[in-house]
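Contents: one structure, followed by commentary.
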Amino acid sequence: MNTHRTFPDSVRWRTLGVASTGRGHAFSGEPCQDHHKMASLLNGDLVVIVADGAGSAEYSDEGARVASETCLALIAEQSHARPLSEQDYQKIFVATARSVANYARSFQLSPRDFATTLNVLHVTQHGTYNASIGDSGCLIQTDTNELKLLAEPFKGRYANETAFLSRRMVEKYFSFGSTTEAIKGFIAATDGIFDLLYQQDRINVESASALIECLRKQDPLRAQQELETFFQSQTLARFTRDDLTLVVGHSTTKGC
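Each step along the sequence shown adds one to the number in the numbering used here, with nothing skipped, and position 149 is 131.
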């Protein structure tokens, strides 16, 4: 693996995570089944995780939570001494799937009841890495303002078909991408939002750039209010009834 440093030793990030129960779940009285985590590690890395619990799984909100927390802990532990490879991330996903399955069995329940997708964006001094199982996604923004997709989201043959976190699905459908370019912004989102940003293998540059600029140009509280208003808009309501989770970030470090 190329281990030369492409970023400053310390990059500061402004991040904002917003989640909302989808209209479908709101009408049925079900909770939001998404979960997200953001963490700055001791070595200066930034980790962003979004997980989308399966609508058909009774405890998928718990599955998304356990998967996010387990995956974050494993990345923090294993990336402390050295950069991680694609194989390392895949093994972490398998270990995370095992943890969710064990959690389910501790309640004498089937792991299928805790089904969830999992998407990880890991920004390090050596590059940026995106690992994924399922249809959530991440976009990164380079220094030249170009938006790029690193890991392809899973799209099945049928509408709403996706891959959920399990050893078998990770071995078959694990998606990974990376770049050594310095980045200055990113978006991570579950499919309710990401399907709007990435359609027919093309990035919706106008919408994605607007979301990053929403945070870049104003304080986080005002940006959060604007994003929450967007989540409740009729435009988005016509597009999806899914739960909505969005994490957006931009670098505040000059020269990065």
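Note that the Cβ used here is the ideal one computed from N, Cα and C, for glycine as well.
Would you report the Cα separation of residue i and residue j, rounded to the nearest angstrom?
i, j, result
"Gln207", "His104", "26 Å"
"Pro65", "Ile194", "27 Å"
"Thr106", "Glu68", "14 Å"
"Leu56", "Ser118", "20 Å"
"Asp243", "Ser50", "No information on residue 243 is available, as it lies outside the stretch -17 to 238 that the chain covers here."
"Cys120", "Gln90", "34 Å"
"Ala133", "Gln216", "30 Å"
"Val76", "Arg220", "36 Å"
"Asp125", "Ile165", "6 Å"
"Ser61", "Gly109", "13 Å"
"Tyr155", "Ser38", "20 Å"
"Ser157", "Ile175", "19 Å"
"Gly35", "Asn101", "12 Å"
"Arg47", "Leu203", "25 Å"
"Ser189", "Thr(-3)", "18 Å"
"Ile74", "Gly159", "15 Å"
"Asn150", "Ala33", "The sequence shown places Arg at residue 150, rather than the Asn named in the question. Arg150 and Ala33: Cα-Cα distance of roughly 18 Å."
"Arg198", "Ala192", "10 Å"
"Glu256", "Arg94", "As displayed, the chain neither begins before -17 nor continues past 238, which places residue 256 out of reach and without an answer."
"Ser233", "Gln181", "26 Å"
"Asn127", "Asn84", "43 Å"
"Asp16", "Ser88", "22 Å"
"Ala113", "Ala1", "21 Å"
"Gly(-1)", "Ser92", "30 Å"
Can you list, in chain order, the residues of its chain whose CB lies under 6 Å from that of residue i, leaving out five sequence neighbours each side?
i, result
"Ile296", "Here the chain covers residues -17 to 238 and nothing more, so residue 296 does not appear."
"Thr52", "Thr78 and Ser81"
"Gly116", "Thr99, Phe136, Thr144 and Ala145"
"Leu23", "Ala58"
CB-CB under 8 Å to residue i, same chain, minus the five flanking residues each way: which ones, in chain order?
i, result
"Cys196", "Ala205, Glu208, Leu209 and Val230"
"Val187", "Leu129"
What is the DSSP secondary structure of residue i, reduced to helix, strand or coil?
i, result
"Ser191", "helix"
"Thr217", "helix"
"Gly(-1)", "strand"
"Gly26", "coil"
"Gly35", "strand"
"Asp43", "helix"
For residue i, is the beta carbon positioned less than 7 Å from some heavy atom of the ligand SAM?
i, result
"Ala33", "Here there are no bound small molecules, and the ligand SAM is not part of this structure."
Quick one: what's got a C-beta closer than 7 Å to residue i's C-beta in the same chain, skipping five residues either side?
i, result
"Gln123", "Leu129, Ile165, Lys166, Gly167, Phe168 and Ile194"
"Leu54", "Lys19, Ala21, Val29 and Ile31"
"Asp27", "Ser61, His104, Val105 and Thr106"
| Along the chain, which unbroken stretches of the alpha helix (DSSP H) at least 4 residues long are found entirely within the stretch 47 to 124? | Here the runs fully enclosed are 68 to 88.
| said: Could you tell me which whole beta strand (DSSP E) segments of length 3 or greater appear in the stretch 151 to 213? | reply: Here the runs fully enclosed are 157 to 161 and 165 to 171.
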